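Written out below as structure tokens is the structure these notes cover.
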Amino acid sequence: MNNLLLIPLLVPLVTGLVLFFFKERLMVTRRIAITMLMITTAVSIYLLIHVFNSHPLVINFGDWQPPFGIQFVGDTLGLFFTTIANFVVTVIIYFGFGKKEHLANRYFLPSFILFMLTGVNGSFLTADIFNLYVMFEIMLISSFVLLTLGQTVEQLRASVIYVVMNVVSSWFFLIGIAYLYGTLGTLNFGHLAMRIADSGQTPEMTMVAIIMIFVFGGKAALVMFMWLPKAYAALNTELAALFAGLMTKVGIYALIRVMTLLFDHQPDITHQLMYYMAIITMIIGAVGVLGYDDVKKIAAYQVILSIGFSVLGLSALNEAGVTGAIFYAGHDMIIKTLLFLVLGVFVVQCGSRSYKNMGGLIHVHPSLGIIFFILTLSIGGVPPFSGFPGKVLIIQGAMEKGYVTGVIVLVITSIIAMYSLLRIFFIMYFGQEEVPQVNKVPLAMHKIIAMLFLTGATIFMGICGEWFLDFARQAAEFNLHPSEYIKAVIPDVKVEVD
Numbered sequence: 083m084n085n086l087l088l089i090p091l092l093v094p095l096v097t098g099l100v101l102f103f104f105k106e107r108l109m110v111t112r113r114i115a116i117t118m119l120m121i122t123t124a125v126s127i128y129l130l131i132h133v134f135n136s137h138p139l140v141i142n143f144g145d146w147q148p149p150f151g152i153q154f155v156g157d158t159l160g161l162f163f164t165t166i167a168n169f170v171v172t173v174i175i176y177f178g179f180g181k182k183e184h185l186a187n188r189y190f191l192p193s194f195i196l197f198m199l200t201g202v203n204g205s206f207l208t209a210d211i212f213n214l215y216v217m218f219e220i221m222l223i224s225s226f227v228l229l230t231l232g233q234t235v236e237q238l239r240a241s242v243i244y245v246v247m248n249v250v251s252s253w254f255f256l257i258g259i260a261y262l263y264g265t266l267g268t269l270n271f272g273h274l275a276m277r278i279a280d281s282g283q284t285p286e287m288t289m290v291a292i293i294m295i296f297v298f299g300g301k302a303a304l305v306m307f308m309w310l311p312k313a314y315a316a317l318n319t320e321l322a323a324l325f326a327g328l329m330t331k332v333g334i335y336a337l338i339r340v341m342t343l344l345f346d347h348q349p350d351i352t353h354q355l356m357y358y359m360a361i362i363t364m365i366i367g368a369v370g371v372l373g374y375d376d377v378k379k380i381a382a383y384q385v386i387l388s389i390g391f392s393v394l395g396l397s398a399l400n401e402a403g404v405t406g407a408i409f410y411a412g413h414d415m416i417i418k419t420l421l422f423l424v425l426g427v428f429v430v431q432c433g434s435r436s437y438k439n440m441g442g443l444i445h446v447h448p449s450l451g452i453i454f455f456i457l458t459l460s461i462g463g464v465p466p467f468s469g470f471p472g473k474v475l476i477i478q479g480a481m482e483k484g485y486v487t488g489v490i491v492l493v494i495t496s497i498i499a500m501y502s503l504l505r506i507f508f509i510m511y512f513g514q515e516e517v518p519q520v521n522k523v524p525l526a527m528h529k530i531i532a533m534l535f536l537t538g539a540t541i542f543m544g545i546c547g548e549w550f551l552d553f554a555r556q557a558a559e560f561n562l563h564p565s566e567y568i569k570a571v572i573p574d575v576k577v578e579v580d
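See the structure below:
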């Protein structure tokens, strides 16, 4: 059973390598990629349910016990995000790459998407902070390639900011890792949690925690958002959806893992800092969604806004807040992917990225209007869609902590987020009477089906929210109580950690 944990890592990696041999055979590439991703998603679902009902899965490579060997752990938190990530990438590959699909295949774009997924899944499943760095680099190198593949001026300019931001962030990450190892003599999450608790979170460890907040916050666009709008706007529809669904969420996951499991002993410093950063991020996102008429940049600032929501829940450091942060981040992986796919289709149909030049789509694709309206309500946190349960728990956790200002900002910015999308919706569907004939582009059925899958997921996640909340709640409890994690990954050690 434990060996099944390798499937989300090995299948995307091996499949990506195999696809190099089929760059001229588009249909073969699509069938192989979709089939293997469906298998990976199915196995991830099975592992998540098994772990929820039983115990975490642990792999010690070469049978070397931690902290001497490489260890991967499949707990509810890691597998929850892994399952959603695999599902999202499967839908994106099924959606396809439009008229340039043959060109994308020749540039090995599906392979690099799968390599990126390997890094993402590895980040979710590793039990070692240095291997987290390694997986981050696999993910980032693949994303560098994907960002620059089109070789347009806009892409190259966006890639400079993106690369510089991530290189600097990775450098600080290494500094934090080096200090952890030099001070505590281990990099395994379980051992780190035990030794930090034994020695107390010293001022030096608190400084490392602050470094990690800025490192992972930079990757999640928490306050340090500068790279995100330009990068996402420069990408084509499918890659923008991929980045929106995965990249920032890995940063959120890393923050959740280290700031609950490791650095939870000085919350008045570390988590209070995250609280203020969350408020600033929500305000930045709200200003951005109102300040642009470019729908891609509006969508990018929607991503930034949602990061603030999740970090607000995490900063509360209680069961309700962390559960809400986990659930909302999972919901956001799905809904932001759908947002970029739908808006990308609108841009193609109207021939413009400005919503002021859009209109009359009700005569062309009324079904897309229904999808867009549903995702707007979900982003706004309207029941029964998936945005509602997470926001309710985040608000509950924040109120228990006394974060009244944060709750007020969350509510106001949620309304602004929904308003900005409703404004686009009404102009596109009830604005101009007709879209010019040249822009009435037929939309392939498989693209509609892909968007319906994501729409169905946000409805299902909302209506059956209690099931998903159970996963998120167990993940929160497991990481808020380090002794449980330590017992699972280091079974022979005596644990006295609170």
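Counting from 1 along the sequence shown, just add 82 to a position and that's the residue number in my numbering. Quick reminder that beta carbons are idealized off the backbone N, C-alpha and C, glycines included. These numbers come from a predicted model, not from an experiment.
- Residue nearest to histidine 347 within the set Glu286, Gly390, Phe298 and Ser449 is Glu286 (criterion: CA-CA distance).
- With a cut-off of 8 Å on Cβ pairs, the segment 408-428 is in contact with the segment 531-549, counting three or more such pairs.
- Our two residues, arginine 239 and proline 148, have alpha carbons roughly 43 Å apart in a direct line.
- In the pairwise beta carbon analysis, the segment 211-224 is classified as touching the segment 329-340: at least three pairs are separated by under 8 Å.
- DSSP places glycine 267 outside both helix and strand once states are collapsed to three, so it counts as coil.
- Taking a contact as a CB-CB distance under 8 Å, the pair isoleucine 174 and leucine 324 counts as one, their CB atoms being some 5 Å apart.
- If you draw a straight line from the Cα of valine 140 to the Cα of aspartate 157, it comes to about 9 Å.
- Where asparagine 142 is concerned, the enclosing beta strand (DSSP E) starts and stops at 139-142.
- Around methionine 308, the same chain offers Ile243 and Met247 as residues with beta carbons nearer than 8 Å, after the five sequence neighbours per side are excluded.
- Counting C-beta pairs with one atom in each stretch, the segment 371-378 and the segment 294-302 have fewer than three that are closer than 8 Å, which means they do not touch.
- Closest in alpha carbon position to leucine 337, among Gly282, Ile408, Leu269 and Gln556, is Ile408.
- Collapsing the DSSP output to three states places aspartate 350 in coil.
- In the DSSP annotation of this structure, the continuous segment of the beta strand (DSSP E) that includes glycine 156 starts and ends at 153-156.
- Rounded to whole angstroms, the gap between the alpha carbons of valine 96 and asparagine 203 is 14 Å.
- With contacts defined by Cβ atoms closer than 8 Å, phenylalanine 553 and phenylalanine 162 form a contacting pair.
- Residue nearest to serine 251 within the set Thr288, Leu229, Asp280 and Leu304 is Leu304 (criterion: CA-CA distance).
- By the CB criterion at 8 Å, histidine 528 and tyrosine 176 fall inside the cutoff.
- Threonine 208 sits in a strand when the DSSP states are folded into three classes.
- Three or more Cβ pairs closer than 8 Å define a contact, and the segment 263-270 meets that threshold against the segment 204-219.
- The count of Cβ pairs closer than 8 Å, one atom from the segment 352-370 and one from the segment 476-496, reaches three, so the stretches are in contact.
- Sequence-distant partners of phenylalanine 345 (beyond 5 residues in either direction) whose C-beta falls short of 6 Å from its own C-beta, in its chain, are Ala291 and Thr352.
- Secondary structure note for methionine 306: it is in no alpha helix (DSSP H), with a DSSP letter that is neither H nor E.
- Annotation for tyrosine 335: the continuous alpha helix (DSSP H) segment containing it runs 319-343.
- Contact annotation: phenylalanine 455 and methionine 440 have beta-carbon atoms that are not nearer than 8 Å.
- A direct Cα-Cα distance of roughly 6 Å separates glycine 403 from alanine 480.
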